[in-house]
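Engineer: One gets my numbering by counting positions in the sequence shown from 1 and adding 150 to each.
The structure's right below; bear with me while I get my questions together.
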Amino acid sequence: MFLKLLLLEFVLLSIAGFSLFGRNKGMILSTILVSLINYLINSPASFWFWEIIIMTYGILGILINSSFNHKTRHLRVVKVSAGSVAALLASGLFLPFFPALIAWTVGIGIPLIFTYREIPRSLFLQIIFKFIFSTGWLIIGNILY
Numbered sequence: 151m152f153l154k155l156l157l158l159e160f161v162l163l164s165i166a167g168f169s170l171f172g173r174n175k176g177m178i179l180s181t182i183l184v185s186l187i188n189y190l191i192n193s194p195a196s197f198w199f200w201e202i203i204i205m206t207y208g209i210l211g212i213l214i215n216s217s218f219n220h221k222t223r224h225l226r227v228v229k230v231s232a233g234s235v236a237a238l239l240a241s242g243l244f245l246p247f248f249p250a251l252i253a254w255t256v257g258i259g260i261p262l263i264f265t266y267r268e269i270p271r272s273l274f275l276q277i278i279f280k281f282i283f284s285t286g287w288l289i290i291g292n293i294l295y
């Protein structure tokens, strides 16, 4: 049972990483994979209830991400920041939370603090949105199971 839950968390972290790294393709893939988990886990009676929530969340996320992508063209900075957040989430799977948070803060957080004035506000909003959206997939996936 423990290995099954660990595998599910790894899959959910991968789904969150797809949402962080990918543009719309990553979000579409994330929506499809969470729908697949919903299909495999839930009974037919509760499947459609969760499927409507998953599809609505995915479509809203794609629309908001598309509007951010039109405003910002700094994809490299978004990928570096998203990659660091995905690394923080994945390291939390194998390390205790606080050492992983401290390592992320030293490696990524402190350099971002000293260069925040050079990064446009819309880019910060896009990074925050992607982090919240990815965390939402983790929450939905854990509630499904």
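The beta-carbon is built from N, C-alpha and C at its ideal position, and this holds for glycine as well.
None of these values were measured; they are calculated from a predicted model.
Decide yes or no for the touch test of the stretch 273-285 against the stretch 200-218: beta carbon pairs closer than 8 Å, at least 3 of them.
Structural biologist: Yes: at least three Cβ pairs fall under 8 Å.
Engineer: Quick check on Phe168: buried or exposed, where buried means 16 or more other Cβ atoms within 10 Å of its Cβ?
Structural biologist: By the 10 Å Cβ count, Phe168 comes out buried.
Engineer: Counting only the same chain and skipping the five closest in sequence on each side, list residues whose C-beta sits under 8 Å from that of Thr206.
Structural biologist: Excluding residues within five positions, none has a Cβ falling inside 8 Å.
Engineer: Take Ser185 and list the residues in its own chain whose beta-carbon comes closer than 6 Å to its own, dropping the five residues that flank it on each side.
Structural biologist: Taken in chain order, the residues that qualify are Ile204.
Engineer: Taking Leu288 as the reference, give the member of Leu162, Leu155, Trp198 with the closest Cα.
Structural biologist: Closest by alpha carbon: Leu162.
Engineer: Where in the stretch 177-223 do unbroken runs of the alpha helix (DSSP H), each at least 4 residues long, occur, reported from the N-terminal end onward?
Structural biologist: Fully enclosed alpha helix (DSSP H) runs of 4 or longer: 194-221.
Engineer: To the nearest angstrom, report how far apart Lys154 and Phe160 are at their CA atoms.
Structural biologist: Lys154 and Phe160: Cα-Cα distance of roughly 10 Å.
Engineer: From the DSSP output, in three-state form, read off Gly286 for me.
Structural biologist: Reduced to three states, the DSSP call for Gly286 is helix.
Engineer: Cα separation between Phe197 and Leu294?
Structural biologist: Using only the alpha carbons, I get a separation of about 10 Å.
Engineer: For the alpha helix (DSSP H) containing Gly167, list its first residue and its last residue.
Structural biologist: Element bounds for Gly167: 152-171.
Engineer: Would you decide whether Ile202 is buried or exposed? Buried here means 16 or more other CB atoms lie within 10 Å of its CB.
Structural biologist: Its Cβ having fewer than 16 others within 10 Å, Ile202 is exposed.
Engineer: Going by the CB atoms, is the gap between Phe279 and Phe199 shorter than 8 Å?
Structural biologist: Taking 8 Å as the Cβ cut-off, Phe199 and Phe279 do not qualify as a contacting pair.
Engineer: Assuming Ile165 and Ser180 make a contact with CB atoms under 8 Å, what is their CB distance in whole Å?
Structural biologist: 5 Å between Cβ atoms; contact.
Engineer: Smallest Cα separation from Met177: which of Pro270, Ser216, Gly291, Asn188?
Structural biologist: Closest option to Met177, Cα to Cα, is Ser216.
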